[in-house]
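Enquirer: Here you go, one structure.
2 protein chains.
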Amino acid sequence: MRRLWPLSSDTLSLSGGSRALWDRSPPLSVFLRQASQALFTGGDDRSAPPMAGADGAEAAIRRALAEKQAAVDSQAEAVREAKSRFGISHAEVDAAVETLKVLKVEHGAVARQLQSALNGGGNGARGREEFRQTVVNTLERRMFYTPSFKIYGGVAGLYDYGPNGCAIKNNVLSFWRQHFVLEENMLEVDCPCVTPEVVLQASGHVEKFTDLMVKDEKTGACHRADHLLKDFCKEKLEKGVTLSPEKAAELRHVIAVLDDLSAQELGAKIKEYGITAPDTKNPLSDPYPFNLMFQTSIGPAGHCPGYMRPETAQGIFVNFKDLYYYNGNRLPFAAAQIGQAFRNEISPRQGLLRVREFTLAEIEHFVDPEDKSHAKFSEVSELEFLMFPKEDQLTGKSAKKIILGKAVSEGTVNNETLGYFIGRVYLFLTQLGINKDRLRFRQHLPNEMAHYAADCWDAEIECSFGWIECVGIADRSAYDLRAHTEKSGVHLVAHEKFPEPREVEKLVVVPSKKELGLAFKGNQKMVVQALEAMSEAEALEMKAGLESKGEVEFQVCTLGKAVTLKKSMVSISREKKKEHQREFTPSVIEPSFGIGRIIYCLYEHSFYTRPSKVDNELLNVFGFSALVAPKKCTVLPLVKTDAFDRVAKAISRDLTKAGISNIIDITGTSIGKRYARTDEIGVPFAITVDSTTSVTIRERDSRQQIRVDAAEAALVVKELADGQSTWADVMWRYPTHTTPIADDE
Amino acid sequence: MRRLWPLSSDTLSLSGGSRALWDRSPPLSVFLRQASQALFTGGDDRSAPPMAGADGAEAAIRRALAEKQAAVDSQAEAVREAKSRFGISHAEVDAAVETLKVLKVEHGAVARQLQSALNGGGNGARGREEFRQTVVNTLERRMFYTPSFKIYGGVAGLYDYGPNGCAIKNNVLSFWRQHFVLEENMLEVDCPCVTPEVVLQASGHVEKFTDLMVKDEKTGACHRADHLLKDFCKEKLEKGVTLSPEKAAELRHVIAVLDDLSAQELGAKIKEYGITAPDTKNPLSDPYPFNLMFQTSIGPAGHCPGYMRPETAQGIFVNFKDLYYYNGNRLPFAAAQIGQAFRNEISPRQGLLRVREFTLAEIEHFVDPEDKSHAKFSEVSELEFLMFPKEDQLTGKSAKKIILGKAVSEGTVNNETLGYFIGRVYLFLTQLGINKDRLRFRQHLPNEMAHYAADCWDAEIECSFGWIECVGIADRSAYDLRAHTEKSGVHLVAHEKFPEPREVEKLVVVPSKKELGLAFKGNQKMVVQALEAMSEAEALEMKAGLESKGEVEFQVCTLGKAVTLKKSMVSISREKKKEHQREFTPSVIEPSFGIGRIIYCLYEHSFYTRPSKVDNELLNVFGFSALVAPKKCTVLPLVKTDAFDRVAKAISRDLTKAGISNIIDITGTSIGKRYARTDEIGVPFAITVDSTTSVTIRERDSRQQIRVDAAEAALVVKELADGQSTWADVMWRYPTHTTPIADDE
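Written out as structure tokens, the structure reads:
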């Protein structure tokens, strides 16, 4: 089956390089419903690739701690012995006790050092928790999201986008369409969520889209086996400061290989560690696979099983033939789809980061496997950003800045097309407002990647949960089209017409159905299929065998045994043929975006607080760009008068007509409170009506104001919101307005 | 349960007024995936309200036909008798035969007249079929839509939007957001499709969202009972020209009341008419209800049943409390949602008009039931368009033009808010490109409307299938919020604060729990609840009874019996209270848009053909406005040279940068063929590169061309596409370019 993004790296707590980011003063972060996305098989809560550097530091502290403990123990023994020894002087005992005290203090210091390292350093973990809580509170209070069906107690893993969240999601998707679909002239399609079983059998999801589950043997409650094991190991590591370095290494190893453990191995570990059900402490069943697709039935008769799609990509693959034709039978081309996807998570955690329904935006770029160059690669080749190639991960290094063109030319990134999309994804995310220092492209390790994949890179964004994979960019070779070709019998292939016919020599295998029928009866078909499926090397070997010995043993997998083939049963010969075209299954490069996760990280990266000018309260601000902001402008009459209200309403109407989303706040609250309110949902501009002829425009982050004609205000904000002018431009064009402090926060 | 849009009116075939539209020369029509929508319970294929006028005409023809038949029969008898009579003259026999011939010719004419009336007149039915086929072929060939999972044989009722359809859908949704959400500052939300059972129990869908189904008793194949009965009646009516007027009236009546038939009545009719399974002719089971929701299970344990939502509205209702708070606890306000909805149709028909998954856009406008005025009603009150009030339907009249303001002031439309949305929907649809003469607002008849609804109007658009309901606009009173209040125990109410407290006299019922406990033990709670639930009238009656007789009999429903209450058990008194606010459940006005159906009708209304200028071939054109068109511009080098290609690519890049979707066609095909290709997908503008310095811009419908600087071309097209300039404007500003015929089609 497709491995989606089977490995994550919530490596933040131990990776020194990234930790530093958390120590900055008013840092940036957030939490939204669909950051949730939940789209990734393994996702965020699986283990990170082993970080030798960080691991090493921790191990050193653990070793020092064990040594200190040993010293404390031996000195305590010495004190006990001294006290019990007859005739020893008080002074000697006191000295021994004093030494013990010093050793204990030293032990305490090392223990704290370890605890601190485990928590991500200094104010790290606590700081992150607090920061996240502030962001989440703001998001819930201002209805960026809300737990779904709250009045009925909610359903784990389901969240609603509220008005602000919904507006941001629409903006992100519009920009996605502009940046990818429009820019590359991609063929966007829109397929149903309800999917018949056969499609997902072909893709492998019916068989393998599973997580291992254990059941509480008494209550029947379900848990993810790997979660329980991981939680156990993490808790031991975090709380068990007395853990021996060997034990700690073992637990860490378990976390590192969690993804690769079979049901048997997971079960054995759970038994070995005596892990029980979290709340009840009841014994647990053996782990068994649970399919994560929501199942349903199509039509009334009940004999057409279906599923809610776990990804949007399959809708594109099954349409390949039509899309290729639509594109004039030319490669390369890309198809794209935005839509809902579904995963019936066993026990959703991490709030908005792992949900049961989420919006995916996927691109399938089809390309000739023999030519993965990209015509527009030069447009991104100069970009330089954080990349984390697999070698660096395996040797314990950190992500480092690499020039994209170099990464491709040196073979770090497999090919130009893959590189092009990595560059485009970088531009997309940073233009949205993701902090480029907290964005890295991490290459999949060999054990993360499906056998057929040529290369995979995840765009990971750092947030308070660690590094979260938000976009996966994979070269999936020809796997998907081949799988559907095989299952459907429809050839999902492309052709390259030769300028002139080419003469090629081909090995032609012709089974003699008559002879094979006589010899193998009902098994004939299987033998024929096996013969036709031989590689050229196998066929050549058989040819040699038949010619020298007259018969060969031939292994037929579908029969589970070998059969004896005689020369009369199959003819193998080299033939020259004129070929006019080459037929091949295209490779597919797939950038797949977890829209909710991106939005979640955007929230965190956009959030900051600043002290109010009037009192000491901290005010929350989302520093969204106009591209992303849920509303582009707030219109506020300075004080409540009919005349000001009229002007405000007229400006609001002008804005609406110009397609600029806006809110009008005519409540009687103080202007400072109203600014705080609009800053808190990230509205970049505010028009304050303080006269009937001219008004001020305020920019959220700088809090600078300019004065413009009331009739002109909407147009100026439109220019700003559409990006035609910058704030600096308009500052230069219009007089600055200075408010008395009381007017502002 | 909510009746969605339970009744349709595919009245086209018999309604004279509408029929005429089909007789126009190059008429307009189409067929898309999601016109499909399928969102309407009864939808398009249920019966129309009886059209007395049309019915009468048909009955008259049937009577005339029966008379002619009788005359033919009697004359034939006369001829037979004459021939057999001995001694009759040849001349006499010939005269009788001649008379018979004349009668037969007359009979034939009347029969044709009837057939023609049944087919919707003249070239009606056939013309519609042909027209639809042309449109559908174009749509499929140019990949506006495609049956989903085609390589696996497809699934009935599931369609994909291909690249052109998807682009149009995105444009329609963007405009919907601009026209409704932005304009009214609606609170847009985005809730999951997966919905727990309790929500849909409260809404009534679990119990009542069903269609009646019959099974082929031998094969188990499922059919909609009403479909079979309706098909039977229609076929008899259409083919049975010898049908007696009485029988015809009966069949027509069955079709008219189809919606109101119970399972028993439907079953009886099926038996009476001897209806069997369509293909196999096997006997059928009795009809039984089949729930149309796709069922699934949430979470791994299997004890949390869920469904794929059948509408998006419930997500808004369950969020009412938060949304009301978000809106500053003020009414009125509207929430909106765009999203997928699902209906597991028994046997989807009518192609794209009835599908199993579709996009809904719904608005829930919450309003004080005591004040349904609308502040912006004056903005739409002057609009005049086709309305079809229930009285006119019942008296056999046709839809007529009514001024909206008058319809509201005269009470035809229940209230201003409902009227406001009718007006806004009219503007939305006509601005998209729906022909205003083929759009009508039809009021629901009493039997179509749920008991709680105050008034309902459907925006129906005429297409080749008849009049299709595409938007439902209903005043659903307080039903939905009350249902969720009851089920969840969370009070979904609003408050109106009084400017100053009001003194009100209230009847206060205070049960004495002690006395009741002694008397009724475990039943006490039920008695108390029944006492508290009494209406004021009931309480007053009890008060009187207790005061006169000292005790009363009191029916407690939950106990299923009456109990005897003594005076000591309950005190009932009038008390004066100061009230600071009024608490009430808001009414909801719900405009609900079947996006796919609207797009389908838009296709039909936009399509036309015109003869090629070079040969006699008919060329297909979709006359989409720039607002809707899948691409705004095509860029074509007149002939294939490197220099022209370079200019074309530069212009295409300029357009993309300006956010104008475009295609570049550098194939070697003739310019005429390439124009035909871009016209066929409805691209409004084409830039033809015929020099490296200046280029031409061609408008699709007029085929006029202007000449502009190559560097300016993208900007001019942007102006046109954004609606800042009309074609007439730019025609005036730039020189006209006249092409030699060979250049154009």
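Chains as they are written, first to last, in my numbering: chain D, 761 to 1505; chain C, 761 to 1505.
Quick reminder that beta carbons are idealized off the backbone N, C-alpha and C, glycines included.
Quick caveat: nothing in here was measured; it's all calculated off a predicted structure.
Could you pull out every unbroken beta strand (DSSP E) segment of at least 3 residues lying fully inside the stretch 876-948 of chain D, listed in chain order?
Expert: The stretch 876-948 of chain D contains these whole beta strand (DSSP E) runs: 905-907, 919-921.
Enquirer: Please confirm if residue 1235(D) has its CB atom under 7 Å from at least one CB of chain C.
Expert: So no, residue 1235(D) is outside the interface.
Enquirer: Could you work out which residue in 1279(D), 874(D), 1079(D), 961(D) is closest to residue 1000(D) when comparing CA atoms only?
Expert: Minimum Cα distance to residue 1000(D) is reached at 874(D).
Enquirer: Quick check on residue 1066(D): does DSSP put it in helix, strand or coil?
Expert: It is a strand residue.
Enquirer: So the candidates are 1289(D), 1130(D), 1199(D); which of them puts its Cα closest to the Cα of residue 1237(D)?
Expert: If we check each option's Cα against that of residue 1237(D), 1130(D) comes out closest.
Enquirer: For residue 1133(C), which option in 1156(C), 1352(C), 1148(C), 1171(C) has the closest C-alpha, if you only look at C-alpha atoms?
Expert: Selected option, being the one with the closest Cα: 1171(C).
Enquirer: Using the Cα positions of residue 1179(D) and residue 1147(D), report the straight-line distance between them to the nearest angstrom.
Expert: Answer to the nearest angstrom: the Cα atoms are 12 Å apart.
Enquirer: Let's test the definition: count the other Cβ atoms within 10 Å of the Cβ of residue 1194(C) and tell me whether it reaches 16, buried, or not, exposed.
Expert: Looking at its Cβ environment, which holds 16 or more other Cβ atoms inside 10 Å, residue 1194(C) is buried.
Enquirer: Note down, in chain order, each residue of its chain lying with its Cβ closer than 7 Å to the Cβ of residue 795(D), except the 5 sequence neighbours on either side.
Expert: Bear in mind that a pLDDT of 25 at residue 795(D), under 50, signals an unreliable position, so the model cannot answer this.
Enquirer: Mind listing which residues of the stretch 1105-1130 of chain C have their C-beta closer than 7 Å to chain D's C-betas, in chain order?
Expert: The stretch 1105-1130 of chain C vs chain D, Cβ under 7 Å: 1106, 1116, 1117.
Enquirer: According to DSSP, what are the bridge partners of residue 1333(D)?
Expert: Partner(s): 1268(D).
Enquirer: Look at the alpha carbon of residue 838(C) and the alpha carbon of residue 856(C), and state the distance between them as a whole number of angstroms.
Expert: Approximately 7 Å, taken between the alpha carbons.
Enquirer: I need the boundaries of the beta strand (DSSP E) containing residue 1361(D), first residue and last residue.
Expert: No beta strand (DSSP E) holds residue 1361(D); the alpha helix (DSSP H) holding it covers 1355-1366.
Enquirer: Please classify residue 1232(D) as buried or exposed, where buried requires at least 16 neighbouring CB atoms within 10 angstroms.
Expert: Looking at its Cβ environment, which holds 16 or more other Cβ atoms inside 10 Å, residue 1232(D) is buried.
Enquirer: Got a sec, what are the start and stop residues for the beta strand (DSSP E) residue 982(C) sits in?
Expert: That run of the beta strand (DSSP E) goes 982-984.
Enquirer: Listed from N- to C-terminal order along the chain, which residues in the stretch 917-930 of chain C have their beta-carbon within a distance smaller than 8 Å of any beta-carbon of chain D?
Expert: Those would be 918, 919, 920, 921, 922, 923, 925, 926, 927, 929, 930, in chain order.
Enquirer: Of the residues 834(D), 846(D), 872(D), 844(D), which one's Cα is nearest the Cα of residue 860(D)?
Expert: The shortest C-alpha separation from residue 860(D) is found at 834(D).
Enquirer: Have a look at 1443(C), 1437(C), 1394(C), 1436(C) and flag the residue whose alpha-carbon is nearest the alpha-carbon of residue 1423(C).
Expert: Residue 1394(C) is the option with its Cα nearest to residue 1423(C).
Enquirer: Going by beta carbon distance, what residues of the same chain come within less than 6 Å of residue 809(D), once the five residues before and after it are set aside?
Expert: Low confidence applies to residue 809(D): its pLDDT is 39, below 50, so where it sits in the model is not reliable, and the reading given next is rough at best. Hits under 6 Å: 1153, 1205.
Enquirer: Going straight from the alpha carbon of residue 1003(C) to that of residue 818(C), what length do you get?
Expert: Each residue's alpha carbon lies about 12 Å from the other.
Enquirer: Under 7 Å, Cβ to Cβ, is there at least one residue of chain D near residue 1416(C)?
Expert: Closer than 7 Å to some Cβ of chain D, the Cβ of residue 1416(C) qualifies, so yes.
Enquirer: Nearest chain D C-beta to residue 830(C) closer than 7 Å, yes or no?
Expert: No, residue 830(C) does not count as interfacial toward chain D.
Enquirer: If you run the structure through DSSP and keep just helix, strand and coil, what is residue 1338(C)?
Expert: It is a strand residue.
Enquirer: So, are the CB atoms of residue 948(C) and residue 1096(C) less than 7 Å apart?
Expert: Yes.
Enquirer: Which residues does DSSP pair with residue 1588(C) in a beta bridge?
Expert: There is no way to answer for residue 1588(C), as the model of chain C reaches only from 761 to 1505.
Enquirer: Does residue 942(D) get closer than 7 Å to chain C when you measure Cβ to Cβ?
Expert: Answer yes: the Cβ-Cβ gap between residue 942(D) and chain C drops below 7 Å somewhere.
Enquirer: Helix, strand or coil: which one does DSSP assign to residue 1104(D)?
Expert: Note: residue 1104(D) maps to coil in three-state DSSP.
Enquirer: Quick one: residues in its chain with C-beta nearer than 8 Å to the C-beta of residue 1440(D), no 5 flanking neighbours on either side, listed in chain order?
Expert: Closer than 8 Å at Cβ, skipping near neighbours: 898, 902, 1379, 1380, 1381, 1382.
Enquirer: In the DSSP output, what is residue 1117(D) paired with across the bridge?
Expert: According to DSSP, which records beta bridges pairwise, residue 1117(D) is partnered with 1102(D).
Enquirer: Please report the Cβ distance between residue 1467(D) and residue 1494(D), rounded to the nearest whole angstrom; I am assuming they are in contact, meaning their Cβ atoms lie under 8 Å.
Expert: Indeed, because the Cβ distance is near 6 Å, the residues count as touching under 8 Å.
Enquirer: Could you round the C-beta distance between residue 1027(D) and residue 1046(D) to whole angstroms and report it? I think they count as a contact, below 8 Å.
Expert: Indeed they touch by this definition, with Cβ atoms about 5 Å apart.
Enquirer: If we ignore side chains and look at the alpha-carbon of each, how far apart do residue 801(C) and residue 1223(C) end up?
Expert: Note that residue 801(C) has pLDDT 30, beneath the 50 cutoff, so the model's placement of it is unreliable and the number below is only indicative. Approximately 19 Å, taken between the alpha carbons.
Enquirer: Would you grab the beta carbon distance between residue 1218(C) and residue 1235(C) for me? Rounded to a whole angstrom, and I think it's under 8 Å.
Expert: With 8 Å as the limit, residue 1218(C) and residue 1235(C) do not qualify as a contact, their Cβ atoms being about 13 Å apart.
Enquirer: Using a Cβ-Cβ cut-off of less than 8 Å, give me the residues of the stretch 1048-1062 of chain D that come near chain C, in sequence order.
Expert: Answer set for the stretch 1048-1062 of chain D: 1050, 1054, 1055, 1056, 1057, 1058, 1059, 1060, 1061.
Enquirer: Just to make sure I have the definition right: I need the residues of chain D whose C-beta is within less than 7 Å of the C-beta of residue 1075(C). Which are they?
Expert: Under the 7 Å cutoff, chain D gives 920.
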